[in-house]
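Worksheet: one structure, shown below.
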Amino acid sequence: MPYVFLVSMFLILLLGCTSKEQQALMQKLEANNVYHGKLKQTEKTQLFDINSSSKALVTATYLYEQTTDKNDTRDEIFIVGVYLEGEVEHNFESLGYALTLNEAVPISIKKLDKNDVLLKDISFVTQWASYYLVHFPHNSKKSFTLTFKSKLYGEGALHFAKVAKYVLTKTAF
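My numbering runs 977 ahead of the 1-based position in the sequence shown.
Next comes the structure, spelled out in structure tokens:
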């Protein structure tokens, strides 16, 4: 009987130790779970001029949701943010910029409004950049490279994977 009493007192003690601050912290962590998940699928690159001055900042978030379907043929979808120094409006075709995914051209590029709901959980969103929803044809590889090309500043590569990147490496960290 004393054993049951001690166990029940121990459980009451453990359950009573949760503070309101800890509960609020857990709620905030759960609310930001989507943001942190997208942050893991975000990459950035910079392009420089001949004076090593940064002229373009490109961020991309891969909008991939894991699936158990072995015959997954969904498009590869990205939100791409582009900040070009000195440029007010960005238009891929007219300014000589191009995006490719493993040398494949996009199916569609749609410019997003600054207040678009898709940008709510994306990291590195600024008021100076332009954001695009970019669809590429399905890629069956587990890892691939999104390349941003500029006639003036060269190209920058962003590396993405459908699985955790450490799974694809053979070396220990």
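Here a beta-carbon is modelled for each residue, glycine too, at the ideal position from N, C-alpha and C.
Roughly how many angstroms separate the alpha carbons of Q1043 and Y980, rounded to a whole number? Each residue's Cα considered, the two are about 48 Å apart.
Residues sharing a beta bridge with K1021, DSSP: In the DSSP secondary-structure assignment, K1021 is bridged to T1036.
On the CB-based measure, 16 or more other CB atoms within 10 Å of its CB, does G1133 come out buried or exposed? With a threshold of 16 other beta carbon atoms within 10 Å, G1133 meets it and is buried.
Going along the chain, which residues of its own chain have a beta-carbon closer than 8 Å to the beta-carbon of S1031, five neighbours each way excluded? The residues are Q1023, L1024, F1025, E1062.
Could you tell me which residues DSSP pairs with T1045 in its beta bridges? Beta-bridge partners assigned by DSSP to T1045: none are found.
Give every residue of the same chain whose Cβ lies closer than 6 Å to the Cβ of G1073, excluding the five residues on either side of it in the sequence, and list them in chain order. Counting only Cβ-Cβ distances below 6 Å, and skipping sequence neighbours, we find K1128.
Reduced DSSP secondary structure (H/G/I, E/B, other) of S1029: In this structure, S1029 counts as coil in the three-state DSSP scheme.
Could you check the C-alpha separation between L1135 and S1100 for me, to the nearest Å? About 15 Å.
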